[in-house]
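Which chain is which? The protein sequence lines are E and D, in order. Here UniProt numbering is used: position 140 in the first sequence is 140, and no number is missing along the way. Here UniProt numbering is used: position 47 in the second sequence is 47, and no number is missing along the way. In what follows, a single structure is set out as structure tokens and then discussed.
2 protein chains.
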Amino acid sequence: MSEPAAGLNSEQLGAYFALIEVGSLLQYAVDEHLRADGDLSYVQFQILARLVDAPDGRLRMTDLADGVVYSRSGLTYQAGLLDKRGLITRAPSADDERSVMVTVTGAGRELVARVLPGHVERVRELLFASMTEADLAGLGSILGRVRDHMRAVPPRSAKPRAGRKRTG
Amino acid sequence: MSEPAAGLNSEQLGAYFALIEVGSLLQYAVDEHLRADGDLSYVQFQILARLVDAPDGRLRMTDLADGVVYSRSGLTYQAGLLDKRGLITRAPSADDERSVMVTVTGAGRELVARVLPGHVERVRELLFASMTEADLAGLGSILGRVRDHMRAVPPRSAKPRAGRKRTG
DNA sequence: TATTGTTATACTCTATAACTATA
DNA sequence: TATAGTTATAGAGTATAACAATA
Chain E
1 MSEPAAGLNS EQLGAYFALI EVGSLLQYAV DEHLRADGDL SYVQFQILAR
51 LVDAPDGRLR MTDLADGVVY SRSGLTYQAG LLDKRGLITR APSADDERSV
101 MVTVTGAGRE LVARVLPGHV ERVRELLFAS MTEADLAGLG SILGRVRDHM
151 RAVPPRSAKP RAGRKRTG
Chain D
1 MSEPAAGLNS EQLGAYFALI EVGSLLQYAV DEHLRADGDL SYVQFQILAR
51 LVDAPDGRLR MTDLADGVVY SRSGLTYQAG LLDKRGLITR APSADDERSV
101 MVTVTGAGRE LVARVLPGHV ERVRELLFAS MTEADLAGLG SILGRVRDHM
151 RAVPPRSAKP RAGRKRTG
């Protein structure tokens, strides 16, 4: 990597490493907080947060999996844990008997509300404390476009990110 | 999170989510490639890459752990895997008999050289393809400063504390 | 005593494949 | 046949604590 790196100049390489490192450190920090403060993994928090944001606090398993980028079985596992703790409920959908609707319970909402302040506090402290207004605008703009691009790029393996099952 | 989020404005929230998502998608993509192309996890690749960059291709276990931000035992586990595959060697340090020096082997260097082109290709395709020169300069500058800040921030109470004090 | 690293162990998480049931 | 989800299972990875050796 001290070499030209066969396609990335040193400025790109630096930005790439910084992005990976910042993302990792940030995730590590918030994950630590969520576990200590709410006994939640980051994934579990994301699931709950999505539900809290959803109309009626309800989403199909598949929609959740699409968002969290998990295998179905992985989501079933996590949903099982959240269900056991009374943070969500699961019931067959009325529209489509194959589907399962996941709903946040009051306890789930309360837990999210409880950990959210500390969560955003960490984020602000780590990510935004050292940024100017211009930095924030620039970062948001650039990363927003990058994200859109990433989502648009067809996955190499040519299958939808949602259910990536190797060989079905 | 549809609420004011108790401390982050919507611009900050958007930047935060974009950062997490971009970082995750990027890591997922390169990890997938490294496994398919070199049977390496991202962590293993990082270890090898650091060694390739180090003088004489050698580093102490502790220095590696510091860089990769893992527990010692985790690094020992990963080093064991790489050692078994002949990609690194381990030997007691001459300076300090407690230390273990890790060295990349020729096979290790070859493997890194083999996967690197595809690796950077993915990064360019996903991360840089949609960015302008100005974007790159801005992103590198901002994230570089954020990383320095994150590294400088004293880690919150490690863990043993039940209720975290020391809010600043 | 503090530091370096390994080992033993337990646990979390994720993915694959086989399965059921609905469409 | 295709889709939605669960289950069984297996494997990778990580953290903790106990440990040995060296400083």
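Yeah, the Cβ is synthetic: ideal placement off N, Cα and C, and Gly gets one too.
Exposure of residue i, with buried meaning 16 or more beta-carbon neighbours within 10 Å
| i | result |
| --- | --- |
| D/E110 | exposed |
| D/Y77 | exposed |
| D/A162 | Note that D/A162 scores 26 on pLDDT, short of 50, meaning its location in the model is unreliable; the coordinates nonetheless yield the value given after this. Per the 10 Å Cβ criterion, exposed. |
| E/R147 | buried |
| residue 207 of chain E | Residue 207 of chain E is absent from the structure shown; chain E starts at 1 and stops at 168. |
| E/E21 | buried |
| E/R122 | buried |
| E/G80 | exposed |
| E/G86 | exposed |
| D/A29 | buried |
| D/A94 | exposed |
| D/A49 | buried |
| E/G38 | buried |
| E/G106 | exposed |
Cβ distance (whole Å) where residue i is taken to contact residue j below 8 Å
| i | j | result |
| --- | --- | --- |
| E/L127 | E/L26 | 6 Å |
| D/D83 | D/R90 | 6 Å |
| E/A18 | D/G144 | 5 Å |
| E/R40 | E/M61 | In the sequence as presented, Arg is not what sits at residue 40 of chain E; that position holds Leu. Wrong, their Cβ atoms sit about 19 Å apart, outside the cutoff. |
| D/H33 | D/H119 | 6 Å |
| D/I88 | D/V102 | 5 Å |
| D/Y42 | D/D31 | 4 Å |
| D/R124 | E/L51 | Going by Cβ atoms, the distance from D/R124 to E/L51 rounds to 36 Å, so no, they are not a contact pair. |
Test item: CB-CB of residue i and residue j under 8 Å
| i | j | result |
| --- | --- | --- |
| E/P92 | E/V104 | no |
| D/G138 | E/G138 | yes |
| D/E11 | E/L59 | no |
Review point. Enumerated in chain order, which unbroken segments of the alpha helix (DSSP H) with a length of 4 residues or greater are wholly contained in the UniProt domain "HTH marR-type" (1–148) of chain E?
Key: 10–38, 42–53, 61–68, 72–84, 106–123
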